Amino acid sequence: MDIQMKKGLLDVCVLALLNRGDSYGYELINKLSDVIEVSESTLYPILKRLEAVGQLVTYSREHNGRLRRYYRITKEGQKRLSEFDEEWKEMQKINEFVRGER
């Protein structure tokens, strides 16, 4: 898969998971790995970027005596998911054209 396309898809996959509920990095990696390959070195820069643009926020909570960083989607992140839905419809039309179905 094209690296730029994968990068954009990883962003929305992370937001989609967070839209289902707050989560932490290791859990996100485990859930994403069922759909798309992702490593810690890939995920954490994505999380920082999404936080920088206001699409998620972080907070810490104690777990087994240690602080764990959790991520929560924001309204901006939910807006990005809605935008992705519209973009995907356009991609489906392009795919149909490429396959000769349009």
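Residue 7 in our numbering sits at position 7 of the sequence shown, with consecutive numbering throughout. All residues carry an ideal CB built from backbone N, CA and C; glycine is no exception. Small disclaimer: the values here were computed from a predicted structure and weren't measured.
Residue from the options whose Cα sits closest to the Cα of residue i
i: residue 53; options: 74, 42, 22, 33; result: 74
i: residue 82; options: 30, 25, 31, 19; result: 19
i: residue 78; options: 5, 3, 16, 9; result: 16
i: residue 1; options: 63, 30, 38; result: 38
i: residue 85; options: 3, 4, 9; result: 9
i: residue 7; options: 42, 64, 62; result: 42
i: residue 76; options: 4, 51, 34; result: 51
Exposed unless 16 or more other CB atoms sit within 10 angstroms - verdict on residue i
i: residue 92; result: exposed
i: residue 11; result: buried
i: residue 26; result: exposed
i: residue 55; result: buried
i: residue 102; result: exposed
i: residue 130; result: Past the boundaries of the shown model lies residue 130; the chain is included only from 1 to 102, so the question cannot be answered.
i: residue 80; result: buried
Nearest-angstrom beta carbon gap, residue j and residue i [assumed within contact, 8 Å]
i: residue 70; j: residue 24; result: 5 Å
i: residue 57; j: residue 72; result: 5 Å
i: residue 14; j: residue 36; result: Their Cβ separation, rounded to whole angstroms, is 10 Å, which puts residue 14 and residue 36 out of contact at 8 Å.
Residue i Cβ short of 7 Å to the ligand GDP heavy atom set
i: residue 44; result: Inclusion of the ligand GDP in the displayed structure is not the case, the ligand content being empty and no account of it being possible.
Which runs of the alpha helix (DSSP H), 4 residues or longer, sit entirely within the stretch 12 to 77?
Within the stretch 12 to 77, the complete alpha helix (DSSP H) runs of at least 4 residues are 25 to 32, 40 to 52.
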